[in-house]
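For the sequence shown, the numbering used here begins at 189 and goes up steadily by one. Heads up, the beta-carbon is just placed ideally off N, CA and C, and yes, glycines get one too. All values reported here derive from a predicted model rather than from experimental measurement. Presented below is the structure to which this report refers.
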Amino acid sequence: MSTWMVVEDEPDIYEVLLAMFEMWGIEGVAFVDGEEAVAWIDDVDNGRFKGELPELALLDIRLPGDINGIEVGRRLRESPILGKIAIVLTTGYQMEAENKEEAMVVTKADLWLPKPLPKFNELQGTLESVIAKRRQQNAQAIFVTEPEPDNDDTETIPSRTAAMKASTSKSFKKTDKLRRSSSEESSATADTANLPSESDTPVSNS
């Protein structure tokens, strides 16, 4: 069974959401303020929570207390365990486009969903689509950032190639030198053979 997280202070809303989740075969984890949600995130990060982790967080931006939904979303993204779940921001208040964009950037949210929320089937389809897209993004991110194997042999290929070239060049030089030396010796031998010997030197009769 999949698990979805809800941070919502209005009982009429989170109770309906939890009932809908149950009908869809989803287990809901609900928090009524930001402090509760952040405390739970800390429990997850420190291994104190043993239940199934959510793959979606539906966060109301305006919450009672000092921690709003944006801060909860930011904390989720910083979590080494929950950092890749789908995040949907929701609010019934009008926000300036600039503030809305900032909230999306800070939380790296997958969707902005204004209240009133869509009806039953539409909401289910929307949230499932968000989760599917997030799964795909996470899979692609893992593929792209997968480090190449550390292979010392691969790293030394250029140096080995250079060494082989240097060695081959030296061999050619040695061979060429030997050939020239051999040729010079042959020439010297031939010249020596053509020199007159003592027996060939005329003897003076004087």
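C-beta contact flag for residue i and residue j at 7 Å
i, j, result
"Val318", "Ala285", "no"
"Gly216", "Val195", "no"
"Leu280", "Lys307", "Before going on, a small fix: residue 280 reads as Gly here, not Leu. The answer is no: Cβ separation not under 7 Å."
"Glu233", "Ile258", "In the sequence as presented, Glu is not what sits at residue 233; that position holds Asp. Contact: no."
"Gly261", "Leu247", "yes"
"Phe209", "Trp192", "yes"
"Asp197", "Pro242", "no"
"Arg161", "Lys296", "Outside the shown range of the chain (189 to 394) lies residue 161, about which nothing can therefore be said."
"Ile249", "Leu277", "yes"
"Val226", "Arg263", "yes"
"Phe237", "Asp231", "yes"
"Ile255", "Gly213", "no"
Residue interval of the alpha helix (DSSP H) (run including residue i)
i, result
"Ala207", "199-211"
Reduced DSSP category for residue i - H, G, I as helix; E, B as strand; rest coil
i, result
"Gly313", "helix"
"Glu215", "strand"
"Asp341", "For Asp341, the pLDDT reaches just 47, beneath the cut-off of 50, and the residue's location in the model is therefore unreliable, leaving the point undetermined."
"Ala297", "coil"
"Phe360", "Model confidence at Phe360 stands at a pLDDT of 42, short of 50, so the residue's coordinates are unreliable; what they give is reported in the following sentence. Phe360: helix per DSSP, three-state reduction."
The beta strand (DSSP E) enclosing residue i, as first and last residue numbers
i, result
"Val195", "190-195"
Complete runs of the beta strand (DSSP E) confined to the region 252-288 [at least 3 residues]: Taking only runs of at least 3 residues, the beta strand (DSSP E) segments lying wholly in the region 252-288 are 274-279.
Return the chain-ordered ranges of every beta strand (DSSP E) run that is complete within the region 219-248 and spans a minimum of 3 residues. Secondary structure remark: continuous beta strand (DSSP E) runs of at least 3 residues inside the region 219-248, in chain order: 244-248.
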